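Peer 1: 1 is the number of the first residue of the sequence shown in UniProt numbering; add one for each residue after it.
Ideal Cβ positions, reconstructed from N, Cα and C, are used throughout, including at glycine.
Remember, predicted model here, so these are calculated numbers, not experimental data.
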Amino acid sequence: MEHLINIDNGGTLTDICVWDGSAFSFTKTLTTPYDLSECLFDGITKASATLYGEADTERLLHHTAHIRYSTTQGTNALVERRGPAIGLIVEDDSIVDDLRHSPETQLLFDDLVGDRVEAVDAARPPEALEKDLVQKANALTTRGAARIVVIGDTPESEGALRAILLRKFPRHLLGSVPFLYSWEFVPDRLRARRGWSSVINTFLHPVMEGFLFQAQSRLREHKVSSPLLVYRNDGASSRVSKSVALKTYSSGPRGGLEGTRALAASYGLGRVLMMDVGGTTTDVGVVEDGVIRTTRHGAVGGAPISFPMCDVQSSGVGGSSIIAVRDGEITVGPRSVGAAPGPACFGLGGKEATITDVNLLLGVLDPSSYLDGKMQLDAARAEAVIRSTVAEPLGVPLEEALVLMERAYYATMARAVGHLVDGRTTLAAFGGAGPMSACGAAELAGVRTVLIPRMAAVFSAFGISFSDIGKTYEAGASGADASALAALHDQMSARAERDMFQEGYPLEACELRWSVIGEDAGGQIVDEARYTRGDAPRSAGVRLSLRLEVAAALPHAPLEDGAAVMRQDAVSAGRRSVRMSGSEIADLPVYVLDDQPHGAHAAGPAIVEGPFFTARVSPGWELDVTSNGDLILTDPR
1 MEHLINIDNG GTLTDICVWD GSAFSFTKTL TTPYDLSECL FDGITKASAT
51 LYGEADTERL LHHTAHIRYS TTQGTNALVE RRGPAIGLIV EDDSIVDDLR
101 HSPETQLLFD DLVGDRVEAV DAARPPEALE KDLVQKANAL TTRGAARIVV
151 IGDTPESEGA LRAILLRKFP RHLLGSVPFL YSWEFVPDRL RARRGWSSVI
201 NTFLHPVMEG FLFQAQSRLR EHKVSSPLLV YRNDGASSRV SKSVALKTYS
251 SGPRGGLEGT RALAASYGLG RVLMMDVGGT TTDVGVVEDG VIRTTRHGAV
301 GGAPISFPMC DVQSSGVGGS SIIAVRDGEI TVGPRSVGAA PGPACFGLGG
351 KEATITDVNL LLGVLDPSSY LDGKMQLDAA RAEAVIRSTV AEPLGVPLEE
401 ALVLMERAYY ATMARAVGHL VDGRTTLAAF GGAGPMSACG AAELAGVRTV
451 LIPRMAAVFS AFGISFSDIG KTYEAGASGA DASALAALHD QMSARAERDM
501 FQEGYPLEAC ELRWSVIGED AGGQIVDEAR YTRGDAPRSA GVRLSLRLEV
551 AAALPHAPLE DGAAVMRQDA VSAGRRSVRM SGSEIADLPV YVLDDQPHGA
601 HAAGPAIVEG PFFTARVSPG WELDVTSNGD LILTDPR
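#1: Where does V79 fall in DSSP's three states?
#2: Do T71 and T202 have their beta-carbon atoms positioned less than 8 Å apart in this structure?
#3: Measure the C-alpha to C-alpha separation of L546 and D499 and round it to an integer number of angstroms.
#4: Check P397 in the structure and name its three-state DSSP category.
#5: In chain order, what residues of the same chain lie with their CB nearer than 6 Å to the CB of A438, ignoring the 5 residues before and after it?
#6: So what does DSSP say about R454, is it helix, strand or coil?
#7: Cα-Cα, which of L4, G11, E38 is closest to A23?
#8: Using only the alpha-carbon positions, how far apart do Q524 and D422 sit?
#9: Find the nearest neighbour of V18 within the set H205, L51, A379, judged by alpha-carbon distance.
#10: Out of Q106, P206, E399, R543, state which residue places its alpha-carbon closest to the alpha-carbon of G302.
#11: Taking the Cβ atom as the reference point for each residue, do A615 and I452 lie within a distance shorter than 8 Å?
#12: Applying the 10 Å Cβ sphere with the 16-neighbour rule, what's the burial state of R194?
#13: Going by the DSSP bridge assignment, what does A606 pair with across the sheet?
#14: If you draw a straight line from the alpha carbon of G527 to that of V291, how long is it in whole angstroms?
#15: Using the C-alpha atoms, what's the distance from E549 back to E184?
#16: What are the partner residues of K471, as DSSP defines its beta bridges?
#17: What residues in its chain sit with their C-beta under 7 Å from that of Q313, if we drop five residues either side in the sequence?
#18: Quick check on G268: buried or exposed, where buried means 16 or more other Cβ atoms within 10 Å of its Cβ?
#19: When the Cα atoms are used, what is the spatial distance from S460 to G279?
#20: In the structure shown, what three-state DSSP assignment does residue 663 receive?
#21: Taking I464 and D93 to be in contact with their CB atoms under 8 Å, please state how far apart those CB atoms are, rounded to whole angstroms.
#22: Hey, how far is the Cα of Q376 from the Cα of H66?
#23: May I have the straight-line CA-CA distance separating L88 from T354, to the nearest angstrom?
#24: Just reading off the beta strand (DSSP E) that Y181 is part of, what are its end residues?
#25: Between the C-alpha atoms of Y591 and S572, what's the straight-line distance to the nearest angstrom?
#26: Classify N138 as helix, strand or coil using the three-state DSSP reduction.
#27: Using the C-alpha atoms, what's the distance from L512 back to C310?
#28: Checking the sheet assignment: what are the DSSP bridge partners for V592?
#29: Given a threshold of 16 other Cβ atoms within 10 Å of its Cβ, counted over all protein chains shown, does A442 qualify as buried or as exposed?
#30: What residues are listed by DSSP as bridge partners for W19?
#31: Ends of the beta strand (DSSP E) at F430?
#32: Leaving out the 5 sequence neighbours to the left and right, which residues in its chain are closer than 6 Å to S48 when beta-carbon positions are compared?
#33: Mapping the DSSP letters down to three states, classify E58 as helix, strand or coil.
#34: How is the beta strand (DSSP E) around residue 648 delimited, first residue to last?
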């Protein structure tokens, strides 16, 4: 079997997970924000060395069937407002009030669009409309608009504006400003969703386009024939040229949820709460009875969009979040030191304290084995920063400051997950910083079982391996009868056939799922049913939409059932002195996860070293190694 490469590009670290037909191998590399293709290829080179014993990038790439790639760059670009100035041409300027409907969206609108809005009357005589439209498009570019979104009241009136703009501003001219037409982009009757979807996609597009096409070009230089596939926030993948920038937003957390769903099925867990702790944020989502909690119309930065999204909540706390003192209190995040300069202990110039620095000085982290020994940590730098930014401002000794910082971090993490906890919740903790904090956060949140996957450090990349090539289409019917639905069915079928052909798959080889949806005037679903061409709508007096989901299966790595295994004593690889409180230091056993037999059992407190992660087992907790080599921590009290 040819290899499958899955890559999750984060703000601090980039994770690479490779399936070779029999097992996973994986590695991590620092993200290079100045050139993301560099960390991508550096990661692939490291993965080849892990797989073959020596670096051989060409060999790995030429034996790879698919490369599936997820990135946080769209998410980061929106947070940092790193994108083009957007201009709007609208028929009805009252849409601005719709888009600025809350304090959060007011701020987003002001940052992305500001005063770059022009209204036109599409009902004017053609010559007058043409003159007015050209003048207003020029006015927007004069005020700094680098891209323009056109939002018409109807598909027909917007189409008339589009015809004029294409004629007067042809795309082939140097320096031409790109236009995006809202009805063409997403035929959503609710104009606030359609408008925000168009604006945010236009803002994200150049950031994603530049990097992804650069990465694809570098793959071609290596004579790689398989296309680079972009992983999306709906759990499917597509070629770069067929991907929508907006659908890359929050795609990494979706990979984590897909992996969580696979493990929940393996271990027969009914409700699993994902806690994905990265360098900058913690992403939280729920898998219940094998279903990923999803919203039909998601939101980005508080703005409603037309596309479904998994229900993931992000909070600004991660392994690189800055721990500081403000008004005499310890605060955690939301600011992060990121990959550059990173935590102080990375030795790259960081001057802010993080939980990584804290765990190094507490003794939880071994400075010589971090990232499997691929990075040496500098305890002296961590100590200097914590003394100057936390211990001295609080007026406490270093040892007490470390314990207070750890408690504040646990409390912040518990607040991020606690509102989603019920009596049957298992916490799945992963990401590079998740296992270190899982027990501490779980205790405060009322969780008694924690699942830490063996591949916790690259778990979102692992989850990407369950994706297929997929497309989703949805559009409102022009009438509420069988003939209107049939006409829309034919249009959507033709579009799907074209798109899947460009992905490399005939439509007849794909799985198709049709459904008809009835909505009330407020956009709430009142009826949803499977649809076959010719069916008459079941509900009267509602707005009807037709939805088509298309999937072309890709190879997936199988996951074994989590069979019960006989308990036996875990094998300690040594001991480590860890500060438990300001004055108490305990000599804790250290267990190397990959050296443990299935069924290995031990009582905490303890340290578990996994591949690219360190887990801390709190006093009173117990650890068990499963038949899949994963780690389960339980509080039997």
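Peer 2: Quick answer:
#1: Helix.
#2: No.
#3: Roughly 18 Å separates the two Cα atoms.
#4: DSSP places P397 in coil when its eight states are reduced to three.
#5: Excluding the 5 residues flanking it on each side, A438 has same chain C-beta neighbours closer than 6 Å at A429, V450, in chain order.
#6: If DSSP states are grouped into helix, strand and coil, R454 belongs with coil.
#7: Closest by alpha carbon: L4.
#8: Approximately 28 Å, taken between the alpha carbons.
#9: Closest option to V18, Cα to Cα, is L51.
#10: Measuring from the Cα of G302, the nearest candidate turns out to be Q106.
#11: Cβ atoms of A615 and I452: closer than 8 Å.
#12: With 16 or more other Cβ atoms within 10 Å, it is buried.
#13: Answer by DSSP bridge pairing, in chain order: V617.
#14: The residue you asked about is not Gly; residue 527 is Asp in the sequence shown. Each residue's alpha carbon lies about 20 Å from the other.
#15: E184 and E549 have their C-alpha atoms some 19 Å from each other.
#16: K471 pairs with V550.
#17: Once the five neighbours on either side are set aside, the close Cβ partners of Q313 are V284.
#18: G268 is exposed by the Cβ-count criterion.
#19: Approximately 14 Å between the Cα atoms of the pair.
#20: The requested residue 663 does not occur in the structure, where the chain is confined to residues 1 to 637.
#21: Not a contact, Cβ separation roughly 42 Å.
#22: Straight-line Cα distance between these residues: approximately 33 Å.
#23: Rounded to the nearest angstrom, the two C-alpha atoms are 42 Å apart.
#24: Run containing Y181: 179-181, per the beta strand (DSSP E) assignment.
#25: So the two alpha carbons sit approximately 5 Å from each other.
#26: Three-state DSSP puts N138 in a helix.
#27: C310 and L512: Cα-Cα distance of roughly 21 Å.
#28: Beta-bridge partners of V592 (DSSP): E609.
#29: That one is buried.
#30: DSSP output for W19 lists L4, F24 as bridge partner(s).
#31: DSSP places F430 inside the beta strand (DSSP E), whose first and last residues are 425-430.
#32: A55, D56, T57, L60, listed in sequence order.
#33: Helix at E58.
#34: No information on residue 648 is available, as it lies outside the stretch 1 to 637 that the chain covers here.
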